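Here the protein sequences come in this chain order: H and Z.
Just so it is clear: in the first sequence, position 77 is 77 by UniProt numbering, and no numbers are missing.
Just so it is clear: in the second sequence, position 82 is 82 by UniProt numbering, and no numbers are missing.
For glycine and all other residues, C-beta sits at the position ideal for the given N, C-alpha and C.
On a predicted model such as this, the values are computed, not experimentally measured, just so you know.
2 protein chains.
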Amino acid sequence: MAPTSEILTTERILEATEEVLRRHGPAKATVVDVARALGVSHGTVYRHFRTKAALREAVTKRWLDRTTDALSGIAAEDRAPETRLRDWLAALFAAKRRKSGDDPELFATYKVLTGENVTAVGQHITELVDQLTVIIQAGVDTGVFTAPDPRARARAVFHATGRFHDPAYAQEWERPDIETEFDEVLDLVLRGLRASA
Amino acid sequence: MAPTSEILTTERILEATEEVLRRHGPAKATVVDVARALGVSHGTVYRHFRTKAALREAVTKRWLDRTTDALSGIAAEDRAPETRLRDWLAALFAAKRRKSGDDPELFATYKVLTGENVTAVGQHITELVDQLTVIIQAGVDTGVFTAPDPRARARAVFHATGRFHDPAYAQEWERPDIETEFDEVLDLVLRGLRASA
DNA sequence: CGGATGACAGATATTGAAATCTGTCATCCG
DNA sequence: CGGATGACAGATTTCAATATCTGTCATCCG
């Protein structure tokens, strides 16, 4: 189906794999399917990725990186740390919720993939905590936040808000009072961050 | 096997069901097994519980109530709200972690059961938030906590600490730095609760 | 020669027939 | 009469045979 004329890049394989995962789901998506979608033999795919697991991991990383990249802008902005933190957490929540709500099947697929690739997820979380650390450090520098160890504080903020970004809770994000819950937790967290003044 | 002489109470059925679930796991535990363990026909079990789902729900409730009961003591104590809250959250975490660590298979079984009985879990969470509300209200009354709406604050505290009591995270509880993470979140939450004074 | 191929072995998944289970109810027993 | 029984129908699960997939590699082609 796909043009054989084009050069077979790693990138093209990843795109085809995403498409196959979208169509067939995580359980039925095979390397043979990916090869078929690309119009090559499955042996060729194995020339670019040592195993099926490695291929899936690469797709997972790409997907996680999209979120990280989307948020990095907010973290780097030059605005009041408190509103920046609010916006960052709200954006993270909104992004996850949109992904989950718009295409539940695809989201379920990525839930399986992230479950398979704990290491990639760990790295993703580290990157997100890095971004949070930047914001919190800025708050400490301007005196609006108190944090003996900004990175530890960032971890705490990330874990305390897990309900609003961890895919395990995707089901809860459909409930009508989830926004209220988010605001309640955000208030508590921001109170915990603020300098006693 | 079991004595037929004893009267068949709902309680005895629940005990037998727990035992069957422990032995066979959630997927293979059947009503026929429960009846066999009790030395009665399965039709008799259906006289006490309308469906298999109702039987499982009753077992789930019993299990959840054990945790609620164990914690109610701490909530009702007459001590400084801050240490009481610390102890309550630590006790909740410790209880869950012990259950998960001591008998992972049984814990996995109850994870399946709680997934089946979202309603029972909802009620359980309500009870736990009730207990938290009591502690927070006490703190507001003595002036050490600030909370315009103590129940909303209690919800926020519960959700912010989800990582340390939600069975979905059981896997993480084995990591060595989980204690540190708990302390970090607890610090943040307590800072958020304290009155500015 | 460098990259693509497809046959192959062992592992995994699918399928459909047989076994078991759930829930009901007419019947039995103390 | 009140509670227990077990036969039964339809739904679900198990199991073993069959098909497909993963990963390798000798071979092929431009």
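Quick one: list the residues of chain Z neighbouring arginine 155 of chain H, beta-carbon separation under 7 Å, in chain order. Taking the first sequence and counting its residues from 1, one reaches residue 155 of chain H at position 155. Those are Glu181, Glu184, listed as they occur along chain Z.
Along the segment 161-175 of chain H, what residues have a CB closer than 7 Å to any CB found in chain Z? Gly162, Arg163, Ala168
Would you please state the rounded distance, in angstroms, between the beta carbons of alanine 120 of chain H and threonine 83 of chain H? I believe it to be under 8 Å. What you label residue 120 of chain H is simply residue 120 of the first sequence in a count that begins at 1. What you label residue 83 of chain H is simply residue 83 of the first sequence in a count that begins at 1. No, alanine 120 of chain H and threonine 83 of chain H are not in contact; Cβ-Cβ is about 31 Å, not under 8 Å.
Mind listing, in chain order, the continuous alpha helix (DSSP H) runs of no fewer than 4 residues lying wholly within the segment 110-194 of chain Z? 118-142, 150-160, 178-193
Count the C-beta pairs between the segment 106-114 of chain H and the segment 131-141 of chain H that are closer than 8 Å, then say yes if the count reaches three, no if not. no
With a cut-off of 8 Å on the beta carbons, I'd call aspartate 65 of chain Z and isoleucine 74 of chain Z a contact; round off their distance for me. On the second sequence, residue 65 of chain Z is found 65 positions in, with the first residue counted as 1. On the second sequence, residue 74 of chain Z is found 74 positions in, with the first residue counted as 1. Wrong, their Cβ atoms sit about 16 Å apart, outside the cutoff.
Please name the residue, chosen from H/Thr44, H/Arg22, H/Thr30, H/Glu18, that lies closest to isoleucine 7 of chain H on a Cα-to-Cα basis. Stepping through the first sequence from its first residue, residue 7 of chain H is reached at position 7. Among H/Thr44, H/Arg22, H/Thr30, H/Glu18, the Cα nearest to that of isoleucine 7 of chain H belongs to H/Thr44.
Taking only three categories from DSSP, how would you classify serine 72 of chain Z? Taking the second sequence and counting its residues from 1, the one referred to as residue 72 of chain Z is at position 72. Three-state result, serine 72 of chain Z: helix.
Contact with chain Z by aspartate 187 of chain H, beta-carbon distance below 8 Å: In the first sequence, the residue the question calls residue 187 of chain H occupies position 187. Interface residue, yes.
Which residues in the same chain have their Cβ closer than 7 Å to the Cβ of glutamate 18 of chain Z, if we skip the five residues on either side of it in sequence? By one-based count along the second sequence, residue 18 of chain Z stands at place 18. Only Val59 meet the Cβ criterion.
Can you look up alanine 16 of chain Z in the DSSP assignment and give me helix, strand or coil? Walking along the second sequence from the start, residue 16 of chain Z turns up at place 16. Helix.
Look at the Cβ atom of valine 189 of chain H, then the Cβ atom of leucine 89 of chain Z, and state whether they are nearer than 8 Å. Numbered from 1 along the first sequence, position 189 holds the residue referred to as residue 189 of chain H. Numbered from 1 along the second sequence, position 89 holds the residue referred to as residue 89 of chain Z. Taking 8 Å as the Cβ cut-off, valine 189 of chain H and leucine 89 of chain Z do not qualify as a contacting pair.
Taking 8 Å as the threshold (C-beta atoms), are glutamate 179 of chain Z and histidine 159 of chain H in contact? As a working note, residue 159 of chain H is residue 159 in the first sequence. As a working note, residue 179 of chain Z is residue 179 in the second sequence. No, they are not a contact pair.
For glycine 192 of chain Z, go through chain H and note every residue whose CB falls closer than 7 Å to its CB, in chain order. The count along the second sequence starts at 1 and reaches residue 192 of chain Z at position 192. Correct list: Leu188, Val189, Arg191, Gly192.
Would serine 196 of chain Z count as contacting chain H if we go by Cβ distances under 8 Å? Within the second sequence, residue 196 of chain Z is the residue found at index 196, counting from 1. True, the Cβ-Cβ gap to chain H drops below 8 Å.
What is the residue span of the alpha helix (DSSP H) that aspartate 87 of chain H lies within? Locating residue 87 of chain H in the first sequence gives position 87, counting from the first residue. From DSSP, the alpha helix (DSSP H) with aspartate 87 of chain H extends over 81-102.
Considering just the uninterrupted stretch of the alpha helix (DSSP H) at leucine 38 of chain H, what are its terminal residues? To locate residue 38 of chain H, count along the first sequence from 1; it is residue 38. Looking at the DSSP string, the run of the alpha helix (DSSP H) that includes leucine 38 of chain H is 31-38.
Any beta-carbon of chain H closer than 8 Å to the one on histidine 159 of chain Z? Reading the second sequence from its first residue, position 159 is the one you call residue 159 of chain Z. With 8 Å as the cut-off, histidine 159 of chain Z counts as an interface residue toward chain H.
For arginine 47 of chain H, report the span of its alpha helix (DSSP H) as first-last. The count along the first sequence starts at 1 and reaches residue 47 of chain H at position 47. From DSSP, the alpha helix (DSSP H) with arginine 47 of chain H extends over 42-48.
Taking Cβ-Cβ distances shorter than 7 Å, what residues in chain Z pair up with alanine 152 of chain H? As a position in the first sequence, residue 152 of chain H is number 152, starting the count at 1. By Cβ distance, chain Z contributes Glu184.
Do threonine 146 of chain H and alanine 195 of chain H have their CB atoms nearer than 8 Å? As a position in the first sequence, residue 146 of chain H is number 146, starting the count at 1. As a position in the first sequence, residue 195 of chain H is number 195, starting the count at 1. For threonine 146 of chain H and alanine 195 of chain H, yes; Cβs fall inside 8 Å.
Quick check: alanine 16 of chain Z and alanine 29 of chain Z, are their CB atoms within less than 8 Å of each other? As a working note, residue 16 of chain Z is residue 16 in the second sequence. As a working note, residue 29 of chain Z is residue 29 in the second sequence. Against a cut-off of 8 Å, the Cβ pair of alanine 29 of chain Z and alanine 16 of chain Z comes out as no contact.
Going by C-alpha distance, which of H/Pro148, H/Leu85, H/Arg12 is nearest leucine 128 of chain H? As a working note, residue 128 of chain H is residue 128 in the first sequence. Of the candidates H/Pro148, H/Leu85, H/Arg12, the one whose C-alpha sits nearest the C-alpha of leucine 128 of chain H is H/Leu85.
Cβ shell of alanine 70 of chain H (< 8 Å), same chain only, five flanking positions each side left out: Position 70 of the first sequence, counted from the first residue, corresponds to residue 70 of chain H. If we look at alanine 70 of chain H and ignore the five residues flanking it on each side, its Cβ neighbours are Ala91, Ala95.
Rounded to whole angstroms, how far is the Cβ of leucine 193 of chain H from the Cβ of arginine 153 of chain H, which I believe are closer than 8 Å? One-based indexing of the first sequence puts residue 193 of chain H at position 193. One-based indexing of the first sequence puts residue 153 of chain H at position 153. At roughly 7 Å, the Cβ-Cβ gap stays under 8 Å, so leucine 193 of chain H and arginine 153 of chain H are in contact.
Neighbourhood of alanine 35 of chain H by C-beta, 7 Å cutoff - its chain only, sequence neighbours within 5 removed: For the purposes of this step, residue 35 of chain H is taken as residue 35 along the first sequence, with counting starting at 1. Around alanine 35 of chain H: Ser41, His42, Thr44, Val45.
According to DSSP, is proline 3 of chain Z part of a helix, a strand, or is it coil? Looking up residue 3 of chain Z in the second sequence gives position 3. Only weak support is given to the placement of proline 3 of chain Z: the predicted model assigns it a pLDDT of 41, under 50, and the value that follows is read from those uncertain coordinates. Coil, per DSSP.
For valine 32 of chain Z and alanine 53 of chain Z, I'd like the C-alpha separation in whole angstroms. Here residue 32 of chain Z is taken as the residue at index 32 of the second sequence, counted from 1. Here residue 53 of chain Z is taken as the residue at index 53 of the second sequence, counted from 1. Cα to Cα, the separation comes out at about 14 Å.
Since arginine 62 of chain Z and leucine 14 of chain Z are thought to touch, with beta carbons under 8 Å apart, how far apart are those beta carbons, to the nearest angstrom? As a working note, residue 62 of chain Z is residue 62 in the second sequence. As a working note, residue 14 of chain Z is residue 14 in the second sequence. Yes, arginine 62 of chain Z and leucine 14 of chain Z are in contact; Cβ-Cβ is about 6 Å, under 8 Å.
Go ahead and pull the three-state DSSP assignment for aspartate 78 of chain Z. Counting from one through the second sequence, the residue named residue 78 of chain Z turns up at place 78. In this structure, aspartate 78 of chain Z counts as coil in the three-state DSSP scheme.
Nearest candidate by alpha-carbon position, reference valine 185 of chain H, set Z/Arg151, Z/Asp102, Z/Pro167: As a working mapping, residue 185 of chain H is identified with position 185 in the first sequence. Closest option to valine 185 of chain H, Cα to Cα, is Z/Arg151.
Cβ-based burial, valine 20 of chain Z [other Cβ within 10 Å; buried from 16]: Here residue 20 of chain Z is taken as the residue at index 20 of the second sequence, counted from 1. Looking at its Cβ environment, which holds 16 or more other Cβ atoms inside 10 Å, valine 20 of chain Z is buried.
Under a Cβ-count criterion, where at least 16 other Cβ atoms within 10 Å of its own Cβ denotes burial, should threonine 161 of chain Z be classed as buried or exposed? Residue mapping note: residue 161 of chain Z aligns to position 161 of the second sequence, counting from 1. The residue in question, threonine 161 of chain Z, is buried, as its Cβ has 16 or more Cβ neighbours within 10 Å.
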